Structure formats: C-alpha cells, structure tokens
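Notes for the one structure printed next.
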Amino acid sequence: MTNLTIAKFGGTSVADHQAMLRCANIIKNDHSNRVVVVSASSGVTNYLVRLAQANVSSQEQAQLISNIKTIQLNISQHLENKAEINDEILTVLAGLTQLASAQAQQYNAQKTDAILACGEQMSSILFSDVLTSIGIASEYFDVREVMQTNSLYGKAVVDIEALKANCAANLQEKLINKVIVTQGFIGRDGLGHTTTLGRGGSDYSAALLAEALNADKLAIWTDVVGIFTTDPRITAQARAIPEISFGEAAEMATFGAKILHPATLIPAMRHNIPVFVGSSKEPEKGGTQIQQQVASNPTFRSIALRKEQTLVTVKSPAMLHASGFLAQVFSILAKHELSVDLITTSEISVALTFDNPAGSTQSLITNAVVKELEQLCEVSVEHGLSLVAVIGNNLHTTKGISRSIFDSIGDVNVRMICHGASANNFCFLVPEIEANSVVEQLHEALF
Ligand code: ADP
Ligand code: ASP
Ligand code: MG
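Using my numbering, read the sequence shown as starting at 138 and increasing by one per residue.
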C-alpha cells in the first residue's frame, strides 16, 4: 500500500470524548492515516495495575471498576449508537470483574496481563466508533490476532517474523477500504493468553506495526508539541526540537525521556521509517521529525532523566589480576533475568546500575540475588539515585564536555559517571532528591 501512516494516540489523547474527536479529525485530515493504535484512556491503566494487585479489598475493587466505568461511559454517552457501544464496554467490564475477583484470591501474572489489556480494548472500541461518528469508515481490530509474543507476562517479547506474516495474512487487505483501529501495549502468547509489552508500550506496538505493514511514516500523537530539550515538566525553559536523528532520539528514550517507550525507535530504525511526534491537542503547532539524516548535529541536544536507579557495587580482592570474575557476576545476574544498565570498574570492584521500571513495587535486586553474589564477593546496594543523561553528538571526541557539564551543576555528589562508549550520551548518577534541580541547572547552562 502506498503512502501509509500508522497513527498512535496516547492516554491523554483518548482521555475523553472531546480528546477523541480531536484525534479523529487528525485522521480525517490526512488520508494516509490507515491504522490507528490507541492507548488506554488516561488513568485507566493505573487503576488496572492496582486492580491486578493481590491485596485489594472487594470494596476497593468495586471502586476501581466504577472509576474505570465512569471514564469509558462518559465517552460513549456522546455516541449515536451508545446502547450498542455500552454493551461492548460492559462486557469487557464484566470480564474484568471476574478476573479481579480471581486475582484477589490468588495473584497470577498471566491474569494480570489480561486485566491490564482491558484498558486498550475499551479505548479502541470507543475510538473506532468516534471515527464512524465523523463519517470515516473504520473497523475495530483485535491486535492479538497479529501481535504474537512469548509468555513473559508484563514484558512480553514480540515475534517480529510472525507479526509480519500475520499482518500480511490478516491485516494488510483491510486497510484498503477502512481505517483500522487497534490496541497498543497488548499481544498474545502461543498458549492463547493475553500478554503486555511493558508500561508505555503502545508506542512500541505502533512502531512494530509500522514496520510489519511497511508504513511510510509513524506518527506519535501525545500531549506535548514534540520532543523537548528536556522534560517540560522539569523546566519551563525546555523547548521543542524540530528535527532529531534516530540515534539521538533512541538514546533519549532509553535514558528515560518518557515521551517515547525505550524500544520505539528500534523497528523504525531497522526499516528507516520516519517518526513524527506531535500534540493531538495542538496539531497545527507541528512537532518533531525523527529521521536518519538531520540538517544539524549540535553537541548538546537534550537532557534525559531516569529516576529510581539501583546501584550495586561488588568488591573482591580476588579480582586483582584474575580472570573470569565478571563472567561469574554476570551469570548470576543473567540467571535472575536482571539487565545491567551502566557499569564502571576499578581494580577490585565493579559498580553496576539497574533500572527499576516505572510502577514496579519492589526492588529488582532481591535478597536471593544479593545472597548469591555474596558467595563471590562483598556486595552493597544503594537506592534513591537518578540517572542524568546528556544527549548530543560526538560527545566522546569533543573537548571540554565534562567541564561544560560539571561546572554547571554545583556541589552535587556525582555517584557514578559513564562516558566514552557512545558518541551520543554522557551520563551520571546523582541523588534522587537533587535530580530535578541538576537537570534544571544543566539545561540553563547547555541550552
Ligand atoms: P502518552 O500518554 O501520549 O504516551 P506520555 O505521558 O507517555 O504520553 O509521554 C508524554 C510526556 O513525556 C510529556 O507530557 C512529558 O512530560 C514527558 N517527557 C519526558 N521527557 C520529554 C521530552 N524530552 N520531551 C517531551 N516530553 C517529555
Ligand atoms: N496503557 C499502557 C500504559 O499506561 C500503555 C501505554 O499507554 O502506552 O502503560
Ligand atoms: Mg507514553
């Protein structure tokens, strides 16, 4: 299909009927938009996350489901065929109530994903009808028909080849006559169970669909007018970036810029699909173009911040001039499926950082991990740290980078520094309580 855009709308963009109407008009104004990927309406996934926990009383359960119902029915009440749509929403909510009661009795990771998926299911039902209401022929499509994953509930891995084959067989043809509305964030494993791709995963779903359907463009519609020099919630000085390279934007996403799920740009880069990021509230203001080649490659492009980092230091005199120590440490971490983020070493000790994904309720570094590491070496675990990443170009070969950075942040205890492995980033750990002000000061100095 020629000139195909995949449009993804985030939670605030589909929060209520008015917001959905704005998005529907974006679709109407550009006929290349043939596939719409939606997140759950704003707030719904957070309620679902709570609902999926084991210690929820039946009273709280009823309250959470009622909150979700209110958000969704407030949207359907504006629709012409609201009786029919309400039935569909109430069916999802009935399933949800059943799942939640089973979960309260016994926590189950597979059921958690089935619970979390309800948000995207409902918003996509509603959005498809909003499109119809403004005269666009649209069709609801269950993305689980194509988004095949493994069974790693909560962070399932998509089978990209299967996705491509499934799209060719079950989806491609549908785009010719109708705008397809489908869900981000969710998939299905080989056992037929619903899975999820991790919080914020709808961006990644949309990118995967763009790749699988050979799209010409991926448009991520959100609540800000593009990618900014830093999170605009941290400083009002942050400004939108008109154009940014894949490499820089990928570093931003990886190092915590919530605007894009960290994996979003992987399929886009693999297939060289330009990505646009803009505001569904103010589409006329333009946004950010992310692509392979950009006109300017400034030394400093942006600052990203990732909170809730855990620093683990392992120390062993036996490491001095010895070989194989790091391999042993890493094999323990791999056994516990822990992914190391940053690493620095000295003669007899190694410092490693781990990212606690947003919303996780317990530390990744469990007592079992510590105990196993302690068989090898001394172990210390520190929490309450944030990772600040300065993103730019040629940072590893430009003189005076560290002076520009550290002169601007005052007397902060910089706990760890990583520089040199990437041309696009320079990052360091600081105490969480000082992180926002560090970013503010850095931003003031570098931009
Ligand atoms: P959506 O629900 O549309 O996926 P998100 O809340 O996940 O939206 O992402 C958008 C938010 O990302 C913005 O409101 C902003 O606060 C935050 N953000 C973090 N870093 C940046 C950045 N560098 N540029 C723009 N927004 C950013
Ligand atoms: N609804 C999911 C979440 O809130 C996925 C997404 O919005 O991208 O994490
Ligand atoms: Mg998001």
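From the three backbone atoms N, C-alpha and C, an ideal C-beta is built for every residue, glycine too.
All values reported here derive from a predicted model rather than from experimental measurement.
Within 8 Å, strictly: CB atoms of residue i and residue j
i    : j    : result
H580 : T372 : yes
K589 : A352 : It is not possible to answer for residue 589, since the shown part of the chain is limited to 138 through 584.
A220 : T333 : no
L522 : I469 : no
V318 : S261 : yes
V551 : F563 : no
G291 : G335 : yes
S270 : T359 : no
T286 : D340 : no
L532 : A505 : no
E282 : N314 : no
I273 : I164 : yes
Q242 : K248 : no
V466 : L513 : yes
Q446 : L501 : no
D250 : T182 : no
C555 : T482 : no
Closer than 7 Å: residue i CB and nearest the ligand ADP heavy atom
i    : result
D492 : no
T333 : no
D478 : no
D153 : no
P369 : yes
G337 : yes
D360 : yes
I205 : no
S439 : yes
I364 : yes
Simplified DSSP state of residue i, which is helix, strand or coil
i    : result
R407 : helix
Y184 : helix
F563 : strand
Q214 : coil
G521 : strand
S539 : helix
E474 : coil
S275 : strand
D153 : coil
N307 : helix
G423 : coil
Q428 : strand
T366 : coil
V193 : coil
D126 : This structure gives no information on residue 126, because the portion of the chain shown stretches from 138 to 584.
Q446 : strand
V283 : coil
I554 : strand
A526 : strand
I164 : helix
Residue i beta carbon near the ligand ASP (any heavy atom closer than 7 Å)
i    : result
S483 : no
A144 : no
F264 : no
T182 : yes
A177 : yes
E257 : yes
G321 : yes
Buried or exposed by the 16-neighbour rule on C-beta atoms within 10 Å, applied to residue i
i    : result
Q429 : exposed
E257 : buried
D548 : exposed
G537 : exposed
K145 : buried
D544 : exposed
D167 : exposed
Q235 : exposed
T503 : exposed
L457 : exposed
V294 : exposed
Proximity test, residue i beta-carbon vs the ligand MG heavy atom, cut-off 7 Å
i    : result
G147 : yes
K395 : yes
G557 : no
D340 : yes
If you pair each beta-carbon of the segment 401–408 with each one of the segment 339–347, do three or more pairs fall below 8 Å?
The segment 401–408, when compared against the segment 339–347, does touch it at the 8 Å Cβ threshold.
Spell out a yes or no on whether the segment 391–398 and the segment 362–371 are touching, meaning 3 or more CB-CB pairs, one atom from each, closer than 8 Å.
Taking one beta carbon from each stretch, the segment 391–398 and the segment 362–371 have 3 or more pairs nearer than 8 Å; the two touch.
Take every Cβ of the segment 151–159, pair it with every Cβ of the segment 222–240, and state whether three or more of those distances are shorter than 8 Å.
Taking a cut-off of 8 Å for Cβ pairs, the segment 151–159 and the segment 222–240 do not touch, as fewer than three such pairs fall below it.
Just checking, does the segment 441–455 make contact with the segment 476–493 on the three C-beta pairs under 8 Å criterion?
Yes: the two stretches touch, three or more of their Cβ pairs being nearer than 8 Å.
Does the contact criterion of 3 or more C-beta pairs under 8 Å hold for the segment 470–481 versus the segment 416–434?
No contact exists between the segment 470–481 and the segment 416–434.
Stretch pair the segment 171–190 + the segment 318–330: three plus CB contacts closer than 8 Å:
At 8 Å Cβ cutoff, the stretches touch.
Report yes or no: do the segment 226–234 and the segment 202–209 share at least 3 C-beta pairs separated by less than 8 Å?
Contact between the segment 226–234 and the segment 202–209 is present, because at least three Cβ pairs lie under 8 Å.
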